[in-house]
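-16 is the number of the first residue of the sequence shown in the working numbering; add one for each residue after it.
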Amino acid sequence: MNSYLLKRVMVLIPVLIGMTIIVFSIIHAIPGDPAETILGQKATEQSKQALREQLGLDKPWLQQYFNYMGDLLQGDLGTSIRTKTPIAKEIMPYLAATLELTAASMLFATVVGVNAGILSAWRQNSWFDYTAMIIALIGVSMPIFWLGLMEQLLFSLKLHWLPSIGRMDQRNPVESITNLYVIDTILAGRWDQLWTVVKHLILPSIALGTIPMAIIARMTRSSMLEVMNSDYIRTAKAKGLSQFLVVYKHALKNSLIPVLTVVGLQTGALLGGAVLTETIFAWPGVGRYIFEAISSRDYPVIQTGILIIAFIFVIINLLVDLLYAVVDPRINYK
-16 MNSYLLKRVM VLIPVLIGMT IIVFSIIHAI PGDPAETILG QKATEQSKQA LREQLGLDKP
44 WLQQYFNYMG DLLQGDLGTS IRTKTPIAKE IMPYLAATLE LTAASMLFAT VVGVNAGILS
104 AWRQNSWFDY TAMIIALIGV SMPIFWLGLM EQLLFSLKLH WLPSIGRMDQ RNPVESITNL
164 YVIDTILAGR WDQLWTVVKH LILPSIALGT IPMAIIARMT RSSMLEVMNS DYIRTAKAKG
224 LSQFLVVYKH ALKNSLIPVL TVVGLQTGAL LGGAVLTETI FAWPGVGRYI FEAISSRDYP
284 VIQTGILIIA FIFVIINLLV DLLYAVVDPR INYK
């Protein structure tokens, strides 16, 4: 197990280096001049050139890349061109907001999707099966921005049940410790604010988690049906075990490997694709942070933001690979 983990970590190194090269190349191919974006179109060419020299943008591409990698290996994520603030300090609240939203979305997607898939397979060709799969098909096809706007219209503007934007009631905020508001309110013992934080999470989590929920439901149903037709399941039924035990104790565990793969891939996709949901719900996440950086040609912020998301994505996939052995003991890593 340890040797397998070491090999996987070693494989991650060239993957991450490749990511830095790709991201650095693409970012510097974006049309536009950061110096002109910062100083404005009326700035003199002399002042623009001075700013380019100050930011190191006048140097050859390769030299800029090695300077960036040198700083990165020393733990320096760079400084924002736009705000003049160290990125490591500036990005943390945004990253925490996206992680909290992604975790809540995947919790919704996994709990609802897995159980819907199990019940659909259990009651194959029943009204529940048809209804669940139709809802899953609609969920996969539905644009996130449209679903988010409909949620705001119905649950915020018409019914007044849930807030439409933000992360917390700002009239009585809780001191930020981890920037994960659910944890911060628990640490502070602010149960009143915990409820408002949860209410702010519900609508964006459903909007962001609907597509993964639908994919997980369809994958769980397909995997469960395959396992339910296995010989050992027929043997378990012949021994007189209840349908509940057959499904949840014997069939579910062996059908979870493809579901775990989907959950891992969808979690990574949500981290990078949350910008639409964050924009609709005014959620101060890393997606909006990177979008604003792209608008102002803030190269260091764009590079660092994308690399952090890529790093989290590969770590999630590594954890999913390790979980395979927990779900299915037949898998070993020798």
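Where a beta carbon is used, it is the ideal one built from N, C-alpha and C, also for glycine.
Flag this pair as yes or no: are the beta carbons of residue i and residue j separated by less than 7 Å?
{"i": "Ser238", "j": "Met207", "result": "yes"}
{"i": "Trp105", "j": "Val210", "result": "no"}
{"i": "Thr81", "j": "Val246", "result": "no"}
{"i": "Ala200", "j": "Gly100", "result": "yes"}
{"i": "Thr260", "j": "Ile127", "result": "yes"}
{"i": "Thr168", "j": "Val180", "result": "yes"}
{"i": "Ile5", "j": "Asp281", "result": "no"}
{"i": "Thr287", "j": "Ile70", "result": "yes"}
{"i": "Ile299", "j": "Gly251", "result": "yes"}
{"i": "His233", "j": "Ala219", "result": "yes"}
Shortest alpha-carbon distance to residue i belongs to which of the options?
{"i": "Ile263", "options": "Asn212, Ile189 and Ile291", "result": "Ile189"}
{"i": "Leu254", "options": "Gly192, Thr66, Lys42 and Leu140", "result": "Gly192"}
{"i": "Ala197", "options": "Asp167, Gln249 and Ile166", "result": "Gln249"}
{"i": "Glu36", "options": "Asp304, Leu140, Asp16 and Met52", "result": "Asp16"}
{"i": "Asp175", "options": "Leu186, Gln153 and Thr161", "result": "Gln153"}
{"i": "Gly39", "options": "Lys220, Phe138 and Pro283", "result": "Pro283"}
{"i": "Gly268", "options": "Leu78, Ile70 and Ser63", "result": "Leu78"}
{"i": "His143", "options": "Asp112, Trp110 and Leu186", "result": "Leu186"}
{"i": "Gly23", "options": "Val(-6), Tyr307, Leu(-11) and Ser279", "result": "Ser279"}
{"i": "Pro76", "options": "Arg271, Ala87, Trp178 and His233", "result": "Arg271"}
{"i": "Asn98", "options": "Met116, Thr85 and Ala87", "result": "Met116"}
{"i": "Leu55", "options": "Phe7, Thr66, Ser213 and Pro14", "result": "Phe7"}
{"i": "Leu34", "options": "Gln46, Gln57, Leu60 and Lys67", "result": "Lys67"}
Quick test of your reading: residue i and residue j, contact by CB under 8 Å. State the CB separation rounded to the nearest angstrom.
{"i": "Leu194", "j": "Val123", "result": "Correcting the residue type first, residue 194 is Ile in the shown sequence and not Leu. 6 Å between Cβ atoms; contact."}
{"i": "Glu83", "j": "Tyr164", "result": "7 Å"}
{"i": "Arg173", "j": "Ser103", "result": "Rounded, the Cβ-Cβ distance is 40 Å, inconsistent with contact."}
{"i": "Met52", "j": "Thr3", "result": "6 Å"}
Within the same chain, show all residues whose beta-carbon is closer than 8 Å to that of residue i, passing over the 5 residues directly before and after it, in chain order.
{"i": "Glu19", "result": "Ala26 and Lys31"}
{"i": "Asn108", "result": "none"}
{"i": "Leu(-1)", "result": "Leu290, Ala293, Phe294 and Val297"}
{"i": "Leu132", "result": "Ile263"}
{"i": "Leu140", "result": "Ser147"}
{"i": "Leu177", "result": "Val165, Thr168 and Ile169"}
{"i": "Asp304", "result": "Arg(-9)"}
{"i": "Leu228", "result": "Ala219"}
{"i": "Phe111", "result": "Leu102 and Ser103"}
Leaving aside the five residues before and after residue i along the sequence, list all residues of the same chain whose C-beta is less than 6 Å from its C-beta, in chain order.
{"i": "Gln135", "result": "Ser147"}
{"i": "Leu301", "result": "Arg(-9)"}
{"i": "Phe49", "result": "none"}
{"i": "Ala119", "result": "Ala197, Ala200 and Arg201"}
{"i": "Asp41", "result": "Arg35"}
Grab me the residues of residue i's own chain with a C-beta within less than 7 Å of its C-beta, minus the 5 sequence neighbours each way, in chain order.
{"i": "His183", "result": "Pro146, Gly149, Arg150 and Met151"}
{"i": "Ile285", "result": "Ile10, Ile273, Ala276 and Ile277"}
{"i": "Val310", "result": "Lys236, Leu239, Ile240 and Leu243"}
{"i": "Trp44", "result": "His11"}
{"i": "Gln47", "result": "Gly39"}
{"i": "Leu306", "result": "Leu243"}
{"i": "Thr85", "result": "Thr250, Leu253, Leu254 and Ala257"}
Buried or exposed: where does residue i fall if 16 or more other Cβ atoms within 10 Å of its Cβ makes it buried?
{"i": "Met202", "result": "buried"}
{"i": "Leu235", "result": "buried"}
{"i": "Leu333", "result": "No answer is possible for residue 333: the residues shown for the chain start at -16 and end at 317."}
{"i": "Gln29", "result": "exposed"}
{"i": "Leu243", "result": "buried"}
{"i": "Ser225", "result": "exposed"}
{"i": "Ala265", "result": "exposed"}
{"i": "Thr62", "result": "buried"}
{"i": "Thr161", "result": "exposed"}
{"i": "Phe91", "result": "buried"}
{"i": "Val(-6)", "result": "exposed"}
{"i": "Ala12", "result": "exposed"}
{"i": "Ser88", "result": "buried"}
{"i": "Gly96", "result": "buried"}
{"i": "Leu60", "result": "buried"}
{"i": "Leu(-11)", "result": "exposed"}
{"i": "Leu137", "result": "exposed"}
{"i": "Leu130", "result": "buried"}
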